[in-house]
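Structure first, commentary second.
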Amino acid sequence: MHFKVKRAPSFQRGVGLIEVLVAVLILALGLLGMAGLQANALKTNQSSYGRTQAVMLSYYMLDAMRADRNNAVLQNYNTGVVAGGVIEPACSANVFNQPNLRDTTRKDWLESLKFALGNADSTCGAIHCEVNGECTIQITWDDSRAGGSGEQRLETRSRL
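Under the numbering used here, think of the first position of the sequence shown as 681, with each following residue one higher.
Given below as structure tokens:
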């Protein structure tokens, strides 16, 4: 007894292969979308990290000035004058070269800024205290690598 295997009509040959190729294409597009989302999340996370570090370091400097309040209200911690709401910044730790608490604290603070926010020329810190104990800290850094809009500025104000 011979059984004859019935073959599929010729117009249906290869349909299974096309379905597999379409499924692989859809999967590839989905994976590319997920990779794009992951890359965007990493950039946003880096930008958020930079802002968090700037806030923490501004509080660090305010706490250090509270510990040395006399020098702060005598304006010995100031990095420069205020012009148009912007304090003249210090962008290099080398300007603080006196062997005293004030310069050592400012030097350590600026080196910490450079370490946390990037050792670029645009990473700067500025301090301005009034005689009544109101202090303003401004920190600027370049956030373009993390997807931000270039230069970022954080300003923290407090009374010592």
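Glycine included, every Cβ here is placed at the ideal spot set by N, Cα and C.
DSSP state of residue i mapped onto helix, strand, coil
i: Leu754; result: coil
i: Asp788; result: helix
Alpha-carbon spacing of residue i relative to residue j, whole angstroms
i: Cys804; j: Arg839; result: 22 Å
i: Phe776; j: Arg786; result: 7 Å
i: Lys723; j: Thr784; result: 34 Å
i: Ala721; j: Gly764; result: 35 Å
i: Arg837; j: Val811; result: 14 Å
i: Gly713; j: Glu699; result: 21 Å
i: Cys809; j: Cys771; result: 18 Å
i: Glu814; j: Gly760; result: 15 Å
Exposure of residue i, with buried meaning 16 or more beta-carbon neighbours within 10 Å
i: Ile706; result: exposed
i: Pro779; result: exposed
Range of the contiguous beta strand (DSSP E) that encloses residue i
i: Gly798; result: Counting along the chain, Gly798 falls outside any beta strand (DSSP E), and DSSP gives it neither H nor E.
i: Cys771; result: Segment: none, Cys771 is in no beta strand (DSSP E) and carries neither H nor E.
i: Ser838; result: 831–839
i: Ala808; result: For clarity, residue 808 is His in the given sequence; the question names Ala instead. 804–809 is the extent of the beta strand (DSSP E) around His808.
Residues bridged to residue i (per DSSP)
i: Gln718; result: In the DSSP output, where bridge partners are listed per residue, Gln718 has none listed.
i: Glu814; result: Arg839
i: Ile819; result: Gly805, Leu834
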